[in-house]
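First comes the structure, then the notes that go with it.
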Amino acid sequence: MPQIKRWKTKPLPDSTEVMDLAKSLNVNQYLATILVQRGIQNFDQAKAFFRPDISELHDPFLMKDMQKAIDRIVYAIENKEKILIYGDYDVDGTTSVALVYDFLTNYHPFLDFYIPDRHIEGYGISYQGINYADQNGISLIIALDCGIKAVDQVQYAREKGIDFIICDHHNPGETVPSAIACLDPKQLDCQYPYKELSGCGVGFKLMQAFCLQHDINQEQLIEYLDLVAISIGSDIVPITGENRILTYFGLQKINQRKRPGIKALIDIAGFKKDLTVTNVVFGLGPRINAAGRIKHGKASVELLISKTDQEAQENALELNKRNLTRRDLDSGTLLEAIALIEDNEESVSAKSTVLFKNDWHKGVIGIVASKCIEQYYRPTVILTESNEKATGSARTVEGFDLYEAICECSDLLEQFGGHTHAAGLTLKLENIPAFKARFEEVVTKRILPDQLIPVVNIDIELPLDAITEKFNNVLSQMEPFGPQNMSPVFKCANVLPLNARLMKDEHLKFSLKQTNGNEIDVIGFGMSHCYDSVLNNQPVDICFSVEMNEFNNKKSLQLLLKDLRCTKDFL
Numbered sequence: 025m026p027q028i029k030r031w032k033t034k035p036l037p038d039s040t041e042v043m044d045l046a047k048s049l050n051v052n053q054y055l056a057t058i059l060v061q062r063g064i065q066n067f068d069q070a071k072a073f074f075r076p077d078i079s080e081l082h083d084p085f086l087m088k089d090m091q092k093a094i095d096r097i098v099y100a101i102e103n104k105e106k107i108l109i110y111g112d113y114d115v116d117g118t119t120s121v122a123l124v125y126d127f128l129t130n131y132h133p134f135l136d137f138y139i140p141d142r143h144i145e146g147y148g149i150s151y152q153g154i155n156y157a158d159q160n161g162i163s164l165i166i167a168l169d170c171g172i173k174a175v176d177q178v179q180y181a182r183e184k185g186i187d188f189i190i191c192d193h194h195n196p197g198e199t200v201p202s203a204i205a206c207l208d209p210k211q212l213d214c215q216y217p218y219k220e221l222s223g224c225g226v227g228f229k230l231m232q233a234f235c236l237q238h239d240i241n242q243e244q245l246i247e248y249l250d251l252v253a254i255s256i257g258s259d260i261v262p263i264t265g266e267n268r269i270l271t272y273f274g275l276q277k278i279n280q281r282k283r284p285g286i287k288a289l290i291d292i293a294g295f296k297k298d299l300t301v302t303n304v305v306f307g308l309g310p311r312i313n314a315a316g317r318i319k320h321g322k323a324s325v326e327l328l329i330s331k332t333d334q335e336a337q338e339n340a341l342e343l344n345k346r347n348l349t350r351r352d353l354d355s356g357t358l359l360e361a362i363a364l365i366e367d368n369e370e371s372v373s374a375k376s377t378v379l380f381k382n383d384w385h386k387g388v389i390g391i392v393a394s395k396c397i398e399q400y401y402r403p404t405v406i407l408t409e410s411n412e413k414a415t416g417s418a419r420t421v422e423g424f425d426l427y428e429a430i431c432e433c434s435d436l437l438e439q440f441g442g443h444t445h446a447a448g449l450t451l452k453l454e455n456i457p458a459f460k461a462r463f464e465e466v467v468t469k470r471i472l473p474d475q476l477i478p479v480v481n482i483d484i485e486l487p488l489d490a491i492t493e494k495f496n497n498v499l500s501q502m503e504p505f506g507p508q509n510m511s512p513v514f515k516c517a518n519v520l521p522l523n524a525r526l527m528k529d530e531h532l533k534f535s536l537k538q539t540n541g542n543e544i545d546v547i548g549f550g551m552s553h554c555y556d557s558v559l560n561n562q563p564v565d566i567c568f569s570v571e572m573n574e575f576n577n578k579k580s581l582q583l584l585l586k587d588l589r590c591t592k593d594f595l
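Heads up, the sequence shown is in my numbering, so the first residue is 25 and it goes up one at a time.
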C-alpha cells in the first residue's frame with residue numbers, strides 16, 4: 025500500500041526582493057519567487073543561472089596539489105613512463121577513466137587503464153590493481169573516483185616504486201594517502217571554491233590544468249563534457265555552481281551524439297529527442313553501470329572510448345544484455361528482501377533496515393537498498409557475502425546523514441566510505457548482528473519522526489490560471505534539473521478533477537479546467553490508488569510539476585502528479 029506523504033512547502037522569500045526581481049526579469053511573481061528561493065536575487069545572478077558560461081569554470085590550479093599532479097604527469101611523459109588510469113567500476117568511475125585515458129592518449133602513447141573487479145577486488149584501489157601495475161612496468165597510477173582513504177594501498181605501491189595521483193570527491197578520513205598529489209575538493213585544507221564535483225569532474229579539472237600548462241586549446245577538452253554530464257547525473261551530486269555549467273554544456277555534447285559509444289547507448293535506449301538529465305540518469309546510467317554490476321566494468325570504458333560506430337554498437341548491445349540481467353536480479357532480490365522484513369515483527373517496526381543473505385548478487389544490492397526505501401522509507405543497508413566477508417551498500421532518507429551514522433559503527437567495520445546519502449561498507453560476517461543492533465540504535469537516536477515519512481517538497485502554491493506556455497517556457501530554461509535545482513513542484517488547492525480514468529490499470533489521468541475554459545491534463549504514473557478520490561465529484565489538493573507533452577506531433581501542457589489528497593480532509 026502506498027505510504028502517506030508529508031507535504032512540505034518552502035518558506036516564502038521577502039516580497040520586496042521577489043517583486044524587484046520580477047520587474048528586472050519581466051517575469052511574474054511566481055517565477056520570481058522560485059528563483060529567489062534558489063538564491064537568485066538579481067539580474068546578474070539570473071543571467072549566470074539561465075545562460076551558463078564555460079569561461080566561468082574555476083581555475084583548476086586552485087585545487088590543493090594540482091600543480092604537483094601536473095608536474096608528475098609531465099615528468100612521466102617526458103621520461104616515457106607507463107601510466108595506469110585507474111577508476112571505480114560505477115558510472116562516475118568508468119566515465120572518469122574514459123575521459124582521462126582517451127584525452128591523454130593524444131599526448132602520451134604509454135597508457136593503460138584498469139577497473140577493479142567488483143566481485144573479486146571490491147571498491148576502490150586494490151592490491152591486485154597495484155600488482156598489475158608492478159607486473160606491467162607501470163610507475164605512475166592516476167586513481168579516479170576513489171583513493172582518498174587508500175592509505176595502506178598507496179604505501180604498498182610506494183614500496184614497489186609506484187607513484188599515485190589521487191583524484192577523488194568522497195569524504196577523506198583523518199589521514200590522507202602518501203600520494204604525490206591528492207586532489208579532492210572536500211579536503212578541509214583545499215581552497216577550491218566548489219566542493220561538489222563528481223569524480224569525473226575532478227578528472228576533468230586535472231585535464232583542464234594539463235591544457236593550461238601546455239597551452240592546449242581547451243575546445244579539445246570541452247568535447248569530453250558529455251562524459252562529465254553523465255557522471256554528474258548518475259552520481260546524484262548537486263547541479264549547482266560549476267556542476268551546472270559542466271552539465272549544461274555536457275548535455276549539448278550528449279545531444280550532438282558525436283561520441284560513438286554514447287550515440288550507440290542513446291540508440292539502444294530508444295531516445296529520439298534531446299536527452300535531459302533524467303534521461304541520462306534512467307536511460308544511460310543503468311546501462312553503463314550494468315557492466316560492473318554483472319561482470320566487469322572494463323566493458324563500459326571500452327564502449328565509451330570506442331572509435332567506430334560498429335565497435336560502439338557491439339559494445340552497447342552487450343551492456344544492454346547485462347542491464348536486462350541486472351533487472352531480473354533486482355526483482356528477485358527485492359522480493360526476498362521484502363520477505364525477510366515482513367517475516368520478522370521486529371524488522372517491520374524498526375527505524376532502520378539491515379538485511380543479509382549470502383547469495384545475493386553483489387552488483388544489485390545498492391539498487392535493492394534504494395527500492396526498500398521506496399517501500400519502507402528508512403535508512404537501509406543491504407549486505408551479501410564476498411570473499412568470506414559481508415559487503416554492502418547503504419542508502420538513506422531525505423535529511424538523515426548516512427555517513428555520520430555509519431561512522432558511529434566504524435569499530436565494527438573493516439572498510440567504509442561514501443557520502444551523506446549513500447555509502448559502501450565491508451565487515452566480518454560475525455559482526456553482522458552487532459552492526460545491525462548498533463545501526464538501529466544510532467538511527468533511533470538521531471532520526472527525527474518526520475524524517476521517517478516520505479516528503480513531497482513543494483516550491484510554491486500556484487493558481488491554476490498561472491500555468492501557461494510562457495510560464496512553462498521560463499521553467500524549461502531552469503534546466504538542467506537535479507539535486508539542489510530540482511524541477512519545481514507546485515501545489516494547487518481545492519480543484520475539481522474532470523474525466524478521471526485509469527491507463528493500463530496503474531496510471532491515473534484526469535483534467536482540470538482553467539477559468540478561461542482551457543483544460544489541462546494531469547497524469548499520475550503509478551497512482552491508480554488515487555482513482556477513487558477523484559471520482560466522487562469532490563475537490564482535491566494536488567502537487568505536481570509542469571511539462572510539455574508531445575503526442576501525434578501535437579504539443580500541450582501537462583501536469584505530472586506527485587501526490588493528491590481530498591481537500592476536505594485538510595481544512
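Backbone N, C-alpha and C fix where the C-beta goes; we use that ideal spot for every residue, glycine too.
Buried or exposed: where does residue i fall if 16 or more other Cβ atoms within 10 Å of its Cβ makes it buried?
i	result
T404	buried
F74	exposed
T420	buried
A361	buried
Q27	exposed
V261	buried
K287	buried
L212	exposed
P592	First, the residue type needs correcting, since residue 592 is Lys and not Pro in the sequence shown. Looking at its Cβ environment, which holds fewer than 16 other Cβ atoms inside 10 Å, K592 is exposed.
Y125	buried
M551	buried
N303	buried
M527	exposed
Restricting to Cα atoms, I'd like to know which of the options is closest to residue i.
i	options	result
V378	L353, R346 and A414	A414
I204	L128, I94, G153 and S150	I94
A461	E370, V421, N382 and C516	E370
L437	T444, F424 and S417	S417
I144	N561, H320, D38 and E360	H320
L270	Q508, M527 and P504	P504
L488	D425, F440 and S569	S569
P201	Q177, D44, L251 and Q215	Q177
N560	L536, A524 and K173	A524
V42	W31, I58 and R30	I58
A590	S580, F424, Q582 and S557	The residue asked about is misnamed: residue 590 is Cys in this sequence, not Ala. For C590, the nearest C-alpha among the options comes from S557.
D169	I109, I162 and L581	I109
G117	C191, V51, L451 and N382	C191
I189	D367, L451 and R96	R96
P140	Q237, R62 and G316	G316
N540	L135, A490 and I78	A490
T264	Y54, L49, Q69 and F534	Q69
V519	Q508, P512 and E543	E543
S39	V51, A340 and V60	V60
T300	Y156, Q280, I329 and S394	Q280
For my contact list, residue i and residue j are in at a C-beta cut-off of 8 Å; report their separation, rounded to the angstrom.
i	j	result
G15	G171	Residue 15 lies beyond the residue range present for the chain, which begins at 25 and ends at 595; the question has no answer from this structure.
G442	G257	At roughly 18 Å, the Cβ-Cβ gap does not stay under 8 Å, so G442 and G257 are not in contact.
Y5	Y151	As displayed, the chain neither begins before 25 nor continues past 595, which places residue 5 out of reach and without an answer.
A446	L426	7 Å
S324	L343	7 Å
E571	L584	6 Å
K32	V480	7 Å
L308	G274	At roughly 12 Å, the Cβ-Cβ gap does not stay under 8 Å, so L308 and G274 are not in contact.
K210	N195	6 Å
T119	L328	7 Å
Give the DSSP-derived three-state secondary structure of residue i in the structure shown.
i	result
A446	strand
T33	strand
H238	coil
S163	strand
Y99	helix
M231	helix
K533	strand
Y138	strand
Q399	helix
N155	helix
Q439	strand
L49	helix
Counting contacts by CB-CB distance shorter than 7 Å, is residue i in contact with chain B?
i	result
D68	Absent here is chain B; the protein component of the structure consists of one chain.
Three Cβ pairs or more, each shorter than 8 Å: is that satisfied between the segment 466–477 and the segment 207–226? no
The segment 386–401 contacting the segment 346–353, beta-carbon criterion three pairs below 8 Å: yes
Quick test of the definition: if touching needs 3 or more C-beta pairs under 8 Å, does the segment 322–339 touch the segment 271–285? yes
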